[in-house]
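Read the structure below first, then the notes.
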Amino acid sequence: MPDIATLHPQVVHFVIALAFVGVGARLVSLLPLPRFSFSGPMAAVLILLAAGAGVVAEQSGDDAHPPAERVPGARSAVQEHEDAGKLARNVLLGVALLEIAGLALAGKPKAARGLRFASALAGIGALMAVYEAAEHGGDLVYNYAGGIGVRSGDTTDVRHLLIAG
1 MPDIATLHPQ VVHFVIALAF VGVGARLVSL LPLPRFSFSG PMAAVLILLA AGAGVVAEQS
61 GDDAHPPAER VPGARSAVQE HEDAGKLARN VLLGVALLEI AGLALAGKPK AARGLRFASA
121 LAGIGALMAV YEAAEHGGDL VYNYAGGIGV RSGDTTDVRH LLIAG
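In this note's numbering, the protein residues as written are 1 to 165.
Structural data, given as structure tokens:
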């Protein structure tokens, strides 16, 4: 598989946006308002995309480890972020499975509705996991300068980082 470490910042922001909008749409879809009937299918698509992006984000994060762990004192912060990211990915995959089951049981309205409620509840848990992973990622970027000036290995980039500090 190709090294996708440089894509990690972009991919994780997609995970965050897709998860929050998807779970929000799932919550709206549970309201008994016909005006928002579009939000059910929208939620399913966005949650499935968030789970897929979570898998890609975890892979890109694994690829980004070596340079980020070389930053002095950042090793434990990188490992905390990795653990939080894996948990977020796993919970998003669980929510995606609930969505798929709900789609598969569309012919059984009571079961499908129950799965949509379960997806919404699990989705709230997923948002908490995604937020935690994002918080640890922000800590790496802003407190340890993870990724900034260290990805390319170019000494000029590292010098720019030191001058900025």
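For each residue, glycine too, the CB sits at the ideal point set by N, CA and C.
The alpha-carbon separation between Leu7 and Pro34 amounts to approximately 40 Å.
Bounds of the alpha helix (DSSP H) holding Asp63 are Ser39 to Glu69. The C-alpha of Leu140 lies about 21 Å from the C-alpha of Ala126.
Take Leu48, set aside five residues on each side of it, and the residues of its chain with a beta-carbon closer than 7 Å to its own are Ala96 and Glu99, in chain order. Contact annotation, Ala120 with Leu31: C-beta distance approximately 11 Å; criterion of less than 8 Å not satisfied.
Here the alpha carbons of Arg26 and Ala43 stand approximately 5 Å from one another. Using a 10 angstroms sphere on the CB of Ile124, the tally of other CB atoms stays under 16, which defines it as exposed. Within the stretch 109-148, the alpha helix (DSSP H) runs of at least 4 residues that lie entirely inside it are, in chain order, 109-144. Where Ala84 is concerned, the enclosing alpha helix (DSSP H) starts and stops at Arg75 to Ala104. The stretch 12-26 makes contact with the stretch 103-121: 3 or more CB pairs, one atom from each, lie closer than 8 Å.
The beta carbons of Glu80 and His13 sit about 19 Å from each other, so the pair does not count as a contact at 8 Å.
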